[in-house]
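Note sheet for the following structure.
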Ligand SMILES: [Zn+2]
């Protein structure tokens, strides 16, 4: 397994990834409803079964196909960071995780790295075999790489959905220690040799957090408000994505 991550993309914006293991595939994040069709197509064409879905976090645009895929295969393992177990249920996922994850755990070949901030139990995954870092929404690569705490008017949803902006920046800095060859974020294209861009993004986020307290207060308030709104907002969020 030397190549770039196998990215499944919906509406040009929402990513999930298939990771090949000896026993079959691990799906990192499960996108929006409908992703199951792409997954089933690849499973059929490769003859490799889907063994597990492991989530970076419990937001609706990352667990959309969990219920359908689990209903099709009751043996499917579902994994999520410990602190996001409750969030998953609150946001409308009917499937209960089969395992919860903490920093340092392994999911097949993937090393679990706790990266709380965007959500309380957010995790990243690192695959040493090809150097792929599946970073979820700590970094967002739309329209260019930035930390989720930094508002982009092109694609503001990850910033609005961020639980704790300051903690997100600290988690992003932590990921600079990982010798990533690929950065596979939750939104936007995969980056090759991403560390210089990741470092620039972290430094920009730290600068803006050290600066005026106003953006910090606005981001915090918007984040809290959005978490209330999005807890009832799966359909709305999907409508927004469909427009893209
Ligand atoms: Zn997301």
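Numbering (full-length UniProt numbering), first residue to last: 1 to 244. Using N, Cα and C, we set each Cβ at its ideal position, and we do this for glycine too.
Just curious, the alpha helix (DSSP H) that residue i is in, first and last residue?
i	result
residue 255	Any answer about residue 255 is impossible in this case: the structure gives the chain only from 1 up to 244.
residue 42	35-46
residue 159	157-160
residue 88	85-90
Using the Cβ count rule (16 or more neighbours within 10 Å means buried), how would you classify residue i?
i	result
residue 75	exposed
residue 88	buried
residue 102	exposed
residue 13	buried
residue 96	exposed
residue 179	exposed
residue 171	buried
residue 44	exposed
Less than 9 angstroms separating the beta-carbons of residue i and residue j?
i	j	result
residue 24	residue 8	no
residue 60	residue 92	yes
Whose CA, out of the options, lies closest to the CA of residue i?
i	options	result
residue 100	180, 85, 13	85
residue 56	34, 71, 110	110
residue 42	163, 29, 17	17
residue 129	201, 22, 195	22
Can you give the Cα-Cα distance for residue i and residue j, rounded to whole angstroms?
i	j	result
residue 150	residue 205	6 angstroms
residue 160	residue 191	23 angstroms
residue 73	residue 209	45 angstroms
residue 5	residue 53	16 angstroms
residue 79	residue 199	29 angstroms
Along the beta strand (DSSP E) that carries residue i, what are the first and last residues, could you check?
i	result
residue 146	145-147
residue 7	6-10
residue 99	99-101
Would you say residue i reaches chain B, if we count a Cβ-Cβ gap shorter than 9 angstroms as a contact?
i	result
residue 33	Looking for chain B here will not work: only one protein chain is present.
Original post:
Relative to ligand 2, what is the chain-ordered list of residues with a Cβ closer than 5 angstroms to any of its non-hydrogen atoms?
Top reply: The model depicted lacks ligand 2 and carries ligand 1 instead.
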